[in-house]
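What follows is a short report on a single structure.
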Amino acid sequence: MRYDYTTIEKKWQDKWEEAGVFHAKNGCEKPKYYALIEFPYPSGQGLHIGHPRPYTALDIVARKRRMQGYNVLFPIGWDAFGLPTENYAIKTKTQPAEITQHNIKRFTRQCKAMGFSFDWSREVNTTDPKYFKWTQWIFLKMFEKGLAYKKKMAVNWCTSCKIVLANEEVVDGVCERCGGTVIRKEKSQWILKITEYAQRLLDGLDTVDFIERVKVANRNWIGRSTGSEVDFATTAGETLKVYTTRPDTLFGATYMVISPEHPLVEKWADIIENFDEVKKYQEASKRKSDFERTELAKDKTGVELKGIKAINPVNNKEIPIFISDYVLMTYGTGAIMAVPGHDTRDWEFAKVFNLPIVEVVGGGDIEKEAFTDVETGILVNSDFLNGLEVEEAKKKITEWLEERNLGHPKVNFKLRDWVFSRQRYWGEPIPIIICPKCGFVPLKESDLPLELPKVESYEPTDTGESPLAKVRDWVEVKCPICGGDAERETDTMPNWAGSSWYYLRYMDPHNDKEFASQEAINYWGQVDWYNGGMEHATLHLLYSRFWHKFLYDLGLVPYDEPYAKRTSHGMIMGENGEKMSKSRGNVVNPDDVIAEYGTDTLRLYEMFIGDFEKAAPWSTTAIKGCKRFLDRVWVLTELATEGDEISKANESSIHKTIKKVTEDIETMKFNTAIAAMMSLVNEFYEKGCNKADLRMLTIILNPFAPHITEEIWESLGFVHDGLLLAQETWPAYDEEKTIDNVIEVPVQVNGRLRATVTLPMDCDKEEAIRTAISDEKVATAIEGKNIVKQIVVPNKIINIVVK
RNA sequence: GCCGGAAUGGCGGAAUUGGCAGACGCCCGGGACUUAAAAUCCCGUGAGACUCAAAUCUCGUGCCGGUUCAAGCCCGGUUUCCGGCACCA
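This is the structure in C-alpha cells:
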C-alpha cells in the first residue's frame, strides 16, 4: 500500500504551523543554535531545484538540534532588491514592489510545501522600508566614521545594462549578469573603504571554521603580499616610487614602467620629448575595455618617456622609463622597476623593446625565460648581495635601503575598495543630501527610512544617472544644515548591502528602535552554521564580514566574526550533466517533482544524490529509489509486530544506525546517513521488526523526511504528552551495542585474500593465527611453505607471509 | 600562467583515512504474483578464464614508477577534467 503524501504533507505542515514548534525564543534558557541558509532572491522563475539542497541540509541540522534540546533559530527572508525585477518592471510597466510581492508569495508557498522548519515569524525582506531603514542607518554610521566617501573614478560600465558594476560583477571582462561589454568610465561614486579592513578580514579567517576552499578563495581575493617600496630618483627631479616583492633583484632593474594614468606623466608633459606619442598611448588604453586589456595581455605594448631617465639607487645607472598598460594604477604605486631577468612580464616587455636582460639570480636560463624561482636561486652580479639566497638577499637589501632612506618594507593587498553606488531605481536610496554650501549632508536618523518615490518609468538613462534623478520633487530638498536649496543623492545601494547584515536582523526582526536589541544580539551571538554557494565566497561573505567588523568596532556586536562555521554545497546539474538553464532545456521544476513523488521524496533524493559538497546531475530514475524506500518504510507500519522494547535481533543494527546518522549529519554526509537507514530497513524486511524498532527508525528519519515520519508516529500511537515527533528527543546510542562480539576477519596469504574467519572481538594474536591457519583454504595456500611473517591487525585483517 | 579540487562498475556514488574495493541507490537480466500491464516481492548483476553447474583462479580504483606484509588512500612523475584568480609587480 502506498502512502498518500499529498494529504499527509499538508496535514503536518499545518500542524507544525498551528503549534508554532519552529519558533525560536529569544532569551530561552536552553542552549541556542543558529543555523543559516543564504536567503534567496525571489526571482520570477520561482524556486529552483537547486535551492532545496542547502535548505534541506540545514533543515536536517536544525531539526536534529531541536530534538537534541537546543533553542534553534532557523530563519528565512528575501534578498529582494535587484536588477532582474527592475528589468521586468521596465518590460511590463509594473511596479518593482508589486512584482517583488508577487514573487515572494510564490517562493513562500514553495518553501512551505517543502516542509522546511523555518521560523516564519521572523521573515525579513530587504525591500521593506522597516528593514532598509537599518541598512541606510549602517551606511550613515560608515559615512560618519569616514568609511564611505564619494570619489570620481574610473568604473566598470556595462554598456548593455547601463550601470556601474563592482569589480566583482565583471567576470572575464564582461558583465556578470547580461554578458554585455564592459568599458571604463569616469564617474563619481560612493565607495566603502573595505581595504581598511583587509588585514583583519585575512586574520579573521584563522579564527573561524570555514571549509578550506572558502578560506583559500578569500585569501586569494584579499591577496596580501609583502615587499618594499623603493624610491628611484629621476633626471626630471621627481622621485619615482615603486613597489616590489623582489627587492633582492634590484641590481637587475634595467628600466622602469609606469601606468598610463600615472600623475607624473602630466607633470612631465613639458619635458617628455615625445609627448604626442605618449598622449596617444594614454588615450588608446583609456578606451580599452577590461576585456580587451586582458585579451591583449600576451602582446606587451608601451611608449618610452624620452628625455627623462630614472636612476637605479643601488648602482646609480640611468635607466629608461616607459608607460605601459600592463602596469595598473590601482595596485601598489602604479609604477614598477622592471627586472626582465626575473619577472615574466618584464621579460616579455624587454624582448619587444630590445632592452637589456641582466641575470642577478643564478639557477635558470634567462636567455629562454625569466627565472622566477625563489627557493633555489643564488644572487649574482649584485655586488654585496652576491652568493646569498633570495630570502637572505631580501633581508639585506631591505636593511640597506632603509639605512639610506631609499626604501622601506611595505604590505600590499589586491583587495580594492568597494564601489557602492548604482545608477538604478530598485535599491536602497543612499540617505545623503548634496548641498552646494555644506557638501554631503547625512539624513538624520529620525528621517530614516528614506523611501523610494513612485516613478512612472524605471528606464536607466544614457547619461548614467539613476532614474530617481528625474523625480524632481523628490530630489529637490532644503539642506538640513543651512536651509538652502540642495538635492538628494540619486544613486542607490548595490544589492549586496541588504544581505550584509540580514543575519543580525533575524535575531530581532520587528524592532523599530534598533537594528536589533543588544539582548537579542548577545543571546544569539555568532551564526553557528552558515551554508551557502561558493559563488558568494568572495563577494557576499567578504562584504558581510566587513560590515560585521565595523559594527563590532562600534561596540554593537559581541564577536568580530559573524559566522562561526561556513560550508558550501554543490550545484544540481541537469540530467545531461550540464548546468540547468532554460536554453539547454534541462530545467527541473520542484513543483512537478513534489506533485509526482511528494516533498519527503524530493528532500531525501536531494540529500542522497551524492556528496553534498560536489555538483551532481539530476536523475529522473534515481529519485524513484528514494520513493521506494519511503514506501517500504510505510509498509513496515503494517508488518511491525507488537513490542515496547527494541528487539534483540535488531538491537545492534539500530544502535549502529543511530550512531552513523548522528555523526554523518554533523559532517554533511547526508548520502551515507540515508544509505545506512536504507540498509536498516532492508534488515527489517529480512529479520522482521517490532514497533519499538520502527519507532527508533522513525525518529532518526524524521529530519530527512519529516511528514511521513510524523504520520507513522501518530498512526502507531507513539504520541505522548501531546507532543509532535518534531518535539521528540534525539535518541542516544549505546556504544557497547554498536560493537559486535564476534567478527568476520579476512585472512590474506602474501597479501591475497584467501578466506574469512569468524573471531571473537579483540581476541589475541595467537588465537587469530591459530584459527586462520586451521581454515581449509588458508591451509592449502600455505602448504609446504615457510611462514616468514604473521601480521594481525586486531578485528581488521590477518596476513600470513610465506616463502 | 598561478591557486584549489577531482578521476573508482553501464550510471550516481561508498570505502571507519594504509587493512575484504564497489556499501546504498539507479539501470539491466531472471523468477513470483496478475487474464495482462503497472506496482510490489525474491534472486542475480565489475571484467575475464575454466566449468552442465558449483567450486576455484586471474585481472581490476586515469597513466608510469616507488614505499609496504598490505595502496583507491602515502611518495615521485604524468595526463585529463572541473572550479576560482588572472599583467597584482
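In this note's numbering, the protein residues as written are -12 to 790.
Even glycine gets a Cβ: it sits at the ideal position worked out from N, Cα and C.
Being a predicted model, the structure only gives us computed values, none of them experimental.
Nonlocal neighbours in the same chain, by C-beta distance under 6 Å from residue i, ignoring five residues either side
i      : result
ALA223 : TRP255, ILE258 and ILE295
GLU583 : none
TYR242 : ILE306, PRO307, ALA325 and LEU342
SER487 : TYR530, SER531 and TRP534
LYS783 : none
PHE705 : ARG682
GLU650 : none
LYS674 : ALA636
ARG553 : PHE197, VAL201 and TYR517
Whether residue i touches residue j by CB criterion (9 Å)
i      : j      : result
TYR510 : PRO549 : no
MET129 : LEU179 : yes
MET316 : GLU248 : yes
ALA185 : ARG211 : yes
SER215 : THR231 : yes
ALA484 : GLU415 : yes
ALA6   : LEU711 : yes
ASN677 : ILE645 : no
PRO29  : ASN518 : no
GLU680 : ILE641 : The sequence shown places Asp at residue 680, rather than the Glu named in the question. Yes.
VAL406 : MET594 : no
LEU372 : ILE384 : yes
GLY557 : GLY597 : yes
ASN743 : VAL732 : Residue identity differs from the one stated: residue 743 is Thr in this sequence, not Asn. Contact: yes.
ALA11  : ASN58  : yes
Contacting residues, own chain, Cβ-Cβ under 7 Å from residue i (five flanking each side not counted)
i      : result
GLU73  : PRO83, ARG411, TYR412, TRP413 and TYR445
LYS776 : VAL788
Neighbourhood of residue i by C-beta distance below 8 Å, restricted to the same chain and skipping five residues each side
i      : result
HIS38  : PRO27 and PRO577
ILE421 : PHE427, VAL428, ALA473, GLU474, ARG475 and GLU476
ALA337 : THR241, TYR242, ALA325, PRO327, PRO343 and ILE344
ASN773 : VAL789 and LYS790
Three-state class that DSSP yields for residue i in the structure shown
i        : result
ASP196   : strand
LEU372   : helix
ILE63    : coil
ASN689   : coil
MET(-12) : Residue confidence for MET(-12) is low, a pLDDT of 49 falling below 50, so the modelled location carries little weight; the figure read from the coordinates is stated next. Coil.
CYS98    : helix
ALA794   : This structure does not reach residue 794, given that the chain is present from -12 up to 790, and the question cannot be answered.
GLN123   : helix
LYS792   : Here the chain has residues from -12 to 790 only, and residue 792 is not among them.
ALA602   : coil
TRP483   : coil
ALA337   : helix
THR644   : helix
Nearest-angstrom Cα separation, counted from residue j out to residue i
i        : j      : result
SER147   : THR236 : 45 Å
MET(-12) : VAL622 : Note that MET(-12) has pLDDT 49, beneath the 50 cutoff, so the model's placement of it is unreliable and no number is given.
LYS790   : LYS752 : 21 Å
ILE298   : SER408 : 42 Å
ARG53    : ALA662 : 23 Å
ILE150   : ASP404 : 18 Å
SER108   : THR79  : 32 Å
VAL398   : ASP66  : 36 Å
SER453   : LYS500 : 31 Å
ASP263   : TYR136 : 35 Å
LEU388   : PRO300 : 9 Å
LEU375   : GLU390 : 20 Å
Status (buried if at least 16 other CB within 10 Å, exposed otherwise) for residue i
i      : result
MET748 : exposed
GLN269 : buried
PRO327 : buried
GLU291 : buried
ILE785 : buried
TYR672 : exposed
LYS120 : buried
VAL201 : buried
THR43  : buried
THR213 : exposed
GLY364 : buried
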